[in-house]
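Undergrad: Input: one structure, supplied below.
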Amino acid sequence: MKKLSIYIHIPFCTHKCSYCNFISFCNSNDKKEDYIKALCGEIRLRGKEYGKYYDITSVYIGGGSPSTLKEGQVAKIMSELKNNFRLLPNSEISIEVNPESVTEKKLLEYKLVGINRLSIGGQTLNPKILQLLGRKHTIEQTKNVIKLAQKIGFDNINVDMMLALPTQKLKDVKKMATFLVKKNIKHISPYSLILEPSTPLYKMVLNKKVTLPSEEQSVEMYNFVFNYLTKKGYSRYEVSNFSLPDYESLHNLNYWNMGEYLAFGLAGHSYISYTRFSNTENLEDYINEISKNNIPVISKEKITISMRKDETLMLALRTKEGLNLKDFDAKFNCHLMTDKKREIEFLTMHNFISVKNGFLRVNDNAFYVLNSIISKLV
Ligand SMILES: C[S@@+](CC[C@H](N)C(=O)[O-])C[C@H]1O[C@@H](n2cnc3c(N)ncnc32)[C@H](O)[C@@H]1O
Ligand code: SF4
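In the numbering used here, the protein residues as written are 277 to 654.
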């Protein structure tokens, strides 16, 4: 049986954060029931098409904010999945939770239906910055959800933290990172802020209502996180993913290894049989079309061998392991070390990359110029 990951998008939030441009709607309680019904419909339709050919190794329920769903709704999704796909007994099943909307009852429901990994959106322990970001939770709520989840028996927990935030100082980053390590959080995702042009935060920065840290300060924050977490036994297995041994996310690794995945729900992007396709971003269209047994796919693209070659290289260089040269050459009938001889020599000479034991990898101190390295090689 072939292996497959499944992503499920929940496009609802209690509010819109000032920096976020993910697809999500607020005040949409009346839409949730119809959406879940449609989602289950899509799972059934895709199940008929793919269910018997694949084993499911990971499921990721993300958003938006899946924890804004009402009690029982996540259980409904999970039961539909289990009825239509073969989830392997040791599959990784994650859900994203926000401190303001998750409750003890919801966490118990997640545990009961087989969810074994939580991703908590903590972001920062500075209340003023939380406010600037338009987050609706307190520091207390972040701490409580971690405590509650651990008490209930969730061991595999990720916490997202953000860097390069407006008014953020190195000491804020230190506070968050040391807190997470103290709480024995197994997986930490530090994301440097991407200032998205369509967001209120972008306007605030443009109008000089808030200032962002300088480039050097941002690099200093990231480097602190890298050095500190490494010292504490975490491994950076991808640019924004640190974990203690054996707590790497299987779901994430599948993306970086160019594995196949199906994405259900609004704006879901799938990659299967060398084809990438995406669902509509219009909530009404999604619900209406599925009710007529149509999956509203709005774009479909065959991924050519040369695109796959570039993407494999790009994704592998984001990881700690790097690119397996033998596998790469065999898969794409090439010899990268000869084809890119000049570039590889240049990057090695400047200590940006190294070639060791058959793997080409980006050096620890060069991750902040990763994009430039990739564009040299692709
Ligand atoms: C899709 S969000 C969903 C998680 C959840 N709704 C929350 O906000 O806690 C996943 C993570 O992406 C990160 N994120 C969202 N927008 C970002 C941006 N513009 N720049 C960097 N990170 C961002 C945040 O750290 C967030 O926790
Ligand atoms: S809660 Fe998460 S998904 Fe929702 S707006 Fe904020 S960052 Fe985006």
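The beta carbon of each residue, even a glycine, is placed where N, CA and C say it ideally should be.
With S334 and N530 assumed to form a contact (beta carbons below 8 Å), what rounded beta-carbon distance in angstroms separates them?
TA: For the purposes of this step, residue 334 is taken as the residue at position 58 of the sequence shown. For the purposes of this step, residue 530 is taken as the residue at position 254 of the sequence shown. With 8 Å as the limit, S334 and N530 qualify as a contact, their Cβ atoms being about 6 Å apart.
Undergrad: In chain order, what residues of the same chain have a beta carbon less than 7 Å from the beta carbon of L520, not counting five sequence neighbours either side?
TA: Position 244 of the sequence shown, counted from the start, is the residue given in the question as residue 520. So the qualifying residues of the chain are K462, G509, Y510.
Undergrad: With DSSP run on the structure shown, which of helix, strand or coil describes L693?
TA: In the structure displayed, the chain extends from 277 to 654; residue 693 sits before or after that span and is not available.
Undergrad: Can you tell me which residues fall inside 6 Å of ligand 2, judged by beta-carbon distance to its nearest heavy atom, and keep chain order?
TA: Cβ atoms closer than 6 Å to ligand 2 belong to C289, K292, C293, C296, F298, S300, G339, G340, S341, N374, G397.
Undergrad: In the structure shown, what three-state DSSP assignment does D594 receive?
TA: Residue mapping note: residue 594 aligns to position 318 of the sequence shown, counting from 1. Per the sequence shown, the amino acid found at residue 594 is Arg instead of Asp. Of the three classes helix, strand and coil, the one that applies to R594 here is coil, per DSSP.
Undergrad: So what does E372 bridge to, in DSSP terms?
TA: Counting from 1 along the sequence shown, the entry for residue 372 is found at position 96. Per DSSP, S395.
Undergrad: Can S264 and S341 be called in contact, C-beta distance under 9 Å?
TA: The question about residue 264 has no answer here: the residues shown for the chain are numbered 277 through 654.
Undergrad: Would you say the segment 397-411 touches the segment 354-364, given that touching needs at least three Cβ pairs under 8 Å?
TA: Cβ pair count under 8 Å is below three, so no.
Undergrad: Would you identify the three-state DSSP class for E524, choosing helix, strand or coil?
TA: Taking the first residue of the sequence shown as 1, we reach residue 524 at position 248. E524 falls in the coil class under three-state DSSP.
Undergrad: Which residue or residues does DSSP assign as beta-bridge partners of T379?
TA: Along the sequence shown, one-based indexing puts residue 379 at 103. For T379, which the question treats as bridged, DSSP gives no partner whatsoever.
Undergrad: Secondary structure at V631, three-state DSSP: helix, strand or coil?
TA: Taking the sequence shown and counting its residues from 1, the one referred to as residue 631 is at position 355. Correct three-state label for V631: strand.
Undergrad: According to DSSP, is P403 helix, strand or coil?
TA: Here residue 403 refers to the residue found at position 127 of the sequence shown. Here P403 sits in helix by DSSP.
Undergrad: When the Cα atoms are used, what is the spatial distance from Y611 to R584?
TA: By 1-based counting over the sequence shown, the position of residue 611 is 335. By 1-based counting over the sequence shown, the position of residue 584 is 308. For the sequence presented, residue 611 should be read as His rather than Tyr. Cα-Cα distance, rounded: 16 Å.
Undergrad: Could you tell me if Y336 is buried or exposed, where buried requires 16 or more neighbouring beta carbons within 10 angstroms of its beta carbon?
TA: Here residue 336 corresponds to residue number 60 of the sequence shown, with the count starting at 1. Burial call: buried.
Undergrad: Hey, would you say the C-beta of S304 is under 8 Å away from at least one heavy atom of ligand 1?
TA: The residue you call residue 304 lines up with position 28 of the sequence shown. Every heavy atom of ligand 1 is 8 Å or more from the Cβ of S304, so no.
Undergrad: Distance, Cα to Cα, K381 vs K352?
TA: In the sequence shown, residue 381 corresponds to position 105, counting from 1. In the sequence shown, residue 352 corresponds to position 76, counting from 1. Near 15 Å, if we compare the C-alpha coordinates of K352 and K381.
Undergrad: Nearest by alpha-carbon distance to L384: which of V486, E368, L408, L424 is it?
TA: Taking the first residue of the sequence shown as 1, we reach residue 384 at position 108. Considering only alpha carbons, the answer is L424.
Undergrad: Which of helix, strand or coil does DSSP assign to D436?
TA: What you label residue 436 is simply residue 160 of the sequence shown in a count that begins at 1. In the structure shown, D436 sits in a strand (DSSP, three-state: E or B).
Undergrad: Just to confirm the assignment, what range does the beta strand (DSSP E) spanning I248 have?
TA: No statement about residue 248 is possible, as the shown extent of the chain runs from 277 to 654 and does not include it.
Undergrad: Using a Cβ-Cβ cutoff of less than 7 Å, which residues in the same chain neighbour D605 once the five nearest sequence positions on both sides are dropped?
TA: Locating residue 605 in the sequence shown gives position 329, counting from the first residue. Only H611, L612 meet the Cβ criterion.
Undergrad: Going by beta-carbon coordinates alone, are N262 and E368 separated by less than 9 Å?
TA: The question about residue 262 has no answer, for the chain in this structure spans 277 to 654.
Undergrad: Enumerated in chain order, which unbroken segments of the alpha helix (DSSP H) with a length of 4 residues or greater are wholly contained in the segment 505-565?
TA: Counting only runs of 4 or more, we get 526-532.
Undergrad: So what's R362 in DSSP terms, helix, strand or just coil?
TA: As a first step, residue 362 must be located in the sequence shown, where it is residue number 86. Correct three-state label for R362: strand.
Undergrad: Tell me which residues share the same chain as I649 and place their Cβ nearer than 8 Å to its Cβ, disregarding the 5 neighbours each side in the sequence.
TA: For the purposes of this step, residue 649 is taken as residue 373 along the sequence shown, with counting starting at 1. Same-chain partners within the cutoff: L593, L623, F628, I629, V638, A642.
Undergrad: Should I470 be counted as a contact of ligand 1 given a C-beta to heavy atom distance under 8 Å?
TA: The residue you call residue 470 lines up with position 194 of the sequence shown. True, at least one ligand heavy atom lies under 8 Å from that Cβ.
Undergrad: Counting pairs of Cβ atoms below 8 Å between the segment 561-577 and the segment 489-507, do you hit three or more?
TA: Too few Cβ pairs lie closer than 8 Å, so no.
Undergrad: Assuming L441 and L394 form a contact by the criterion Cβ under 8 Å, report the distance between their Cβ atoms to the nearest whole angstrom.
TA: Along the sequence shown, one-based indexing puts residue 441 at 165. Along the sequence shown, one-based indexing puts residue 394 at 118. In fact, because the Cβ distance is near 23 Å, the residues do not count as touching under 8 Å.
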